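Okay, so here's the structure we're looking at.
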C-alpha cells in the first residue's frame, strides 16, 4: 500500500510523546502538535522550528485535515475525553468507510479509510475496544500501539518497540508513521491486543524488579554489594530490564530519572489485574504486584510524580536501612562487553 499521508496530528508531548513526535517530524511528515500544558506545546514548536511542526489551534476542529492522529497521554480515559468529550475532536475529523472495528480482515481501498487514530498510551484494552466501536459513529478508525523500549530513553533515538492491535488495513495505513518512531513493531491481533501486550510487558517488568529489590536487601544483609549483584545477574539468567537498566542506573544511583512514573506503573498493574480477573484467571502474583507497587507509591517520601525507580524506598524502609549509593553506575547495554579478572 502506497502512503498518502500528508499530515500527522500528535497529542501529548511528555517524556515519551515529545521525542516520538520529534521523530515523526524529522522524517518529513507535517506534524500538528498539542499538549495540555500550552507552555510545553509552545516550547516544543520553538525547539523544533527547523522541522515541519505546527501548534494545533485551540478549537476542536484543529485536527480536521490530518490523515493520522497519534495520542500519547497518561491513560485511556483521557484519550476518550480528547476524542469524544465535551470538546472532543472526533466529530470534526476526516471520516472514512464504516466496518467492524474489531475485524482483522483486509480491504483494498485506502481512500475509504479517512483518518486513522493511533493510541500509543498505556490504556485499558476493554476501554480501547469500546472506544473503537464508539468512533464508528464518526466513521473513524482506531489502532492501539502502546510503546516499550529495550533500553532507557531508546524512544529518543527511534528505537521504540510498538505492540499493535487493530484492523490490518488501518495498521498498514498508519505504518509509515509508526516506522518513524520505532525499530520493532509487532502486530498482536485485533483492536485492544496491543494494550493487552503492554500490560503483560509492565507486569513482567514489575515482577522482575520486585525480585531484584528483594535480592538487594537480603544480599546487603549478607554482605553483598547491590551493584555487583546486578553485574552478576546481567551475565546470567537473572538479567532483566531492572538489573541492566532502570534500577541499576537510576535506582541504585539515586538519580531516579528513568522517564517512567511510578503512578503509571501502578495504573498499568491495575489494568493487568482487571484483565486477569475478566479472563477468569485468579493470579496471586498479579494481586501482589499491584498491591506492592501501590504501597511504594504511598510511601511518605515518595511523590505522586515519582519515577518508578523510587520503589526501592519501600524495600529500604521495611528493611530498616538504606542501600549504598552507587555513584556513576551505568546501564549494561551489552553484557558481553563486561569483563571480570
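Numbering (the UniProt record's numbering), first residue to last: 1 to 341.
We put the CB at the ideal spot given by N, CA and C, even for glycine.
Small disclaimer: the values here were computed from a predicted structure and weren't measured.
Across the structure, residue 29 and residue 171 are spaced so that their CA atoms are roughly 17 Å apart. Between residue 181 and residue 20, the beta carbon gap of about 5 Å places them in contact (Cβ cut-off 8 Å).
Contact between residue 118 and residue 174 holds: CB atoms are separated by about 5 Å, below the 8 Å threshold. In the structure shown, the three-state DSSP call for residue 330 is coil.
Residue 305 has its alpha-carbon roughly 35 Å from the corresponding atom of residue 167. Secondary structure of residue 161 (DSSP, three-state): strand. Residue 184 is bridged by DSSP to 161. The Cβ atoms of residue 67 and residue 5 lie closer than 7 Å to each other.
Of the other Cβ atoms in all chains shown, fewer than 16 fall within 10 Å of the Cβ of residue 38; this residue is therefore exposed. Residue pairing of residue 18 in beta bridges, as defined by DSSP: absent, with no partner found.
Counting along the chain, the unbroken alpha helix (DSSP H) around residue 193 starts and ends at 193 to 221. Taking a C-beta distance under 7 Å as the contact criterion, residue 121 and residue 73 qualify as a contact pair. Close CB contacts of residue 124 within its chain, under the 6 Å cut and outside five residues either way in sequence, are with 76, 271 (chain order). Residues 265, 269, 289, 293 of the same chain have their beta carbon placed closer than 7 Å to that of residue 206, with the five preceding and five following residues left out of the count. Sequence-distant partners of residue 95 (beyond 5 residues in either direction) whose C-beta falls short of 8 Å from its own C-beta, in its chain, are 114, 115, 138, 139, 140. Each residue's CA atom was taken as its position, placing residue 150 and residue 202 some 13 Å apart. Boundaries of the beta strand (DSSP E) around residue 141: 141 to 144. Membership of residue 34 in the beta strand (DSSP E) is indicated by the continuous run 30 to 34. Taking a C-beta distance under 7 Å as the contact criterion, residue 297 and residue 319 do not qualify as a contact pair. The beta carbon of residue 156 is closer than 7 Å to those of 19 in its chain, skipping five residues each way along the sequence. Per DSSP, the continuous beta strand (DSSP E) segment holding residue 149 begins and ends at 147 to 149. Between residue 241 and residue 307, the beta carbon gap of about 14 Å keeps them out of contact (Cβ cut-off 8 Å). Under the criterion of beta carbons closer than 8 Å, residue 312 and residue 249 do not qualify as touching, at roughly 13 Å. Along the segment 225 to 304, the alpha helix (DSSP H) occurs as fully enclosed runs of 4 or more residues at 226 to 234, 241 to 244, 262 to 278, 284 to 297, listed in sequence order.
Under the three-pair Cβ rule at 8 Å, the segment 129 to 136 counts as touching the segment 78 to 95. Of the residues 204, 316, 58, 236, the one whose Cα lies closest to the Cα of residue 285 is 204. As for any beta strand (DSSP E) of minimum length 3 sitting wholly inside the segment 66 to 96, the runs are 68 to 71, ordered along the chain. Residue pairing by DSSP places residue 7 opposite 30 in a beta bridge.
Only buried fits residue 144, as 16 or more other CB atoms lie within 10 angstroms of its CB. The DSSP-derived three-state label of residue 310 is helix.
Following the DSSP letters along the chain, one finds residue 39 inside the alpha helix (DSSP H) bounded by residues 38 to 47.
If you check the CB distance, residue 245 and residue 331 come in under 7 Å.
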